[in-house]
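If you read the protein sequences in the order shown, they are chains A and B. So for the first sequence, the working numbering puts the first residue at -4; every next one is plus one. So for the second sequence, the working numbering puts the first residue at 90; every next one is plus one. Heads up: the structure comes next, in structure tokens.
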Amino acid sequence: MSDQARRIKRGEVRAAARLMRDLDDRVPGAQAVLRELYAAAGRAHVVGITGPAGCGKSTLADQLLEAARKEGQKVGVVAVDPTSHISGGAVLGDRVRMQRHARDPRVFIRSLASRGSLGGLSRSVFDTVTVLDSMGKDLILVETAGVGQDGVKVAGAAHTVLVVLAPGLGDEVQAIKAGVLEIGDIYVVNKGDRSGCEPLLRSLRWALEGKPCEVVKTCARTGAGVGPLFKLIAEHRSALQAGAGWQERSRGMARAAFLERLEAGMKETLSGRLRREKSLQKLQEDLACRRTDPDTAARRALRELIKRGQR
Amino acid sequence: MQRKIRVLIAKPGLDGHDRGAKVVARALRDAGMEVIYTGIRQTPEAIASAAVQEGVDFVGLSSLSGAHNHLFPRVVSLLRKLGAREVQVFGGGVIPAADVPRLKKAGVREIFPPGTSTQDIVGWLLRAARKARP
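Here you go:
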């Protein structure tokens, strides 16, 4: 085992932070270190926190951190914010709400920019979680960037999914649309001190009737309701572990990470070949002049790519 | 492979507002950097610890209250203590020119006085990053 991998397993913050950075920047050799860690990882309880921008995800994460620390758990946080499509830069501000835990040696908070990934996650979320897991964290909170109705990717990245909503972000019809309302294990109506919570709770309960999930109210700013929520999260973990659920979710997470990598690799290979290969360039030219249509062109390109890929 | 430049922007001390720090954060974002923003009233300990966890290349400190002579060098020395020597610290805010040599001697790489354009800060960061990772 490499020195860096050993240091990470001992829980060394700096070694872990550097590997996370190298993974995110895709430095050659970084994946080799992760490979050494991967087999022994998979012990931590990964909890996804998703919901629209401004619903209080970071503040809630801060409160859950506090609750977990009171129980002596070691906690990791991965907080994703969006990358600018124009500049490629990002302002990552989730940490502001959690800074009171910055000096706690048993807490590790990492901000990630989405770097082009959709659905509220970053390509590096899976890798970052693996590193935190290898450090021996008991609980890992994955906070997504603010998502809309189809930000469901976090479901493949966590054992337990919290969907956070707040009053004033839409009428009750929003609650019966597909998307985030199909992935939550626990639904949290946050900003519980504001008016409009009760109707939102009612319509949520109605929309989710018969589904195996919980609906709770919190006020992350004051901490009201966080205790019961934390208990529900622990109960969900126990329930998963009592049956086949834990295994199933873990398999789903591995598969999601694999697909993410596969898709990224394919996209890269594809765009490179589309740029380089003459016949594919011609195809795009034909398409531009409407000598062919998108579907036909795509099928032809696919045939060509697979044919030549096998050679 | 192209490394993103990661910068932690923090306000140590008791300043009540952070408009300047936010302007800088936005400018760095628009220059393609990833900026981790930590908010006001941070202790040097919390700043250094966050910088290590976030794996940043730079820490930008802003101070308006006059405590920079104590706070900026403290962040530098804490980073060293945590083994993060490669993290470069720069500063801005209300800092008299007379204090700059002392701060630089303490390990602060650059000080941007009031009136500095954000483009100058961006330019300095790009050059310093290139020098650190050729």
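Cβ atoms here follow ideal geometry from the backbone N, Cα and C, with glycine treated the same way.
For serine 129 of chain A, the first and last residue of its enclosing alpha helix (DSSP H)
120 to 129
In terms of alpha-carbon separation, which member of A:Phe103, A:Glu209 and A:Gly114 lies closest to aspartate 64 of chain A?
One detail in the question is off: residue 64 of chain A reads as arginine in this sequence, not aspartate. Selected option, being the one with the closest Cα: A:Phe103.
Considering only residues of the segment 29 to 78 of chain A, which uninterrupted beta strand (DSSP E) runs meet the minimum length of 3 residues and lie entirely inside it, listed in chain order?
40 to 45 and 70 to 76
Can you grab the Cα-Cα spacing for the pair alanine 140 of chain A / leucine 164 of chain A, in whole Å?
16 Å
Mapping the DSSP letters down to three states, classify arginine 306 of chain A as helix, strand or coil.
Caution is warranted here: a pLDDT of 47 is assigned to arginine 306 of chain A, below 50, making its placement in the model unreliable, and the coordinate value is therefore given only provisionally. DSSP places arginine 306 of chain A in coil when its eight states are reduced to three.
Quick one: what's threonine 155 of chain A bridged to in DSSP?
A:Val42
Secondary structure at leucine 308 of chain A, three-state DSSP: helix, strand or coil?
Past the edges of chain A, shown from -4 to 306, lies residue 308 of chain A, and the structure says nothing about it.
Got a sec: which bits of the segment 118 to 133 of chain A sit with their beta carbon under 7 Å from any beta carbon on chain B, in order along the chain?
none
Contact between the segment 240 to 247 of chain A and the segment 82 to 93 of chain A: three or more CB pairs below 8 Å?
no
In this structure, how does DSSP classify alanine 229 of chain A when only helix, strand and coil are distinguished?
helix
Below 8 Å, how does it come out for the segment 187 to 195 of chain B and the segment 119 to 127 of chain B: are there three or more Cβ pairs, yes or no?
no
Kindly indicate which three-state DSSP category glutamine 242 of chain A falls into: helix, strand or coil?
helix
What residue does the alpha helix (DSSP H) around arginine 92 of chain A start on, and which one ends it?
No alpha helix (DSSP H) contains arginine 92 of chain A, which DSSP labels as neither H nor E.
Do you know whose CA, among A:Leu59, A:Trp201 and A:Gly205, lies nearest leucine 134 of chain A's CA?
A:Leu59
Please report the straight-line C-alpha distance between alanine 202 of chain A and valine 211 of chain A, rounded to a whole angstrom.
14 Å
Taking only beta-carbon atoms, is valine 183 of chain B less than 7 Å away from chain A?
no
My assumption, with CB atoms under 8 Å, is that alanine 161 of chain A sits in contact with lysine 186 of chain A. Please give the rounded CB distance.
4 Å
How would you list, in chain order, the residues of chain A whose beta-carbon sits under 8 Å from the beta-carbon of glutamine 142 of chain B?
Val8, Ala12, Ala97, Phe103, Ile104 and Arg105
Inter-residue spacing [alpha-carbon to alpha-carbon] between methionine 93 of chain A and alanine 187 of chain B
36 Å
For threonine 207 of chain B, decide whether its Cβ has a neighbour in chain A, counting only Cβ atoms nearer than 7 Å.
no
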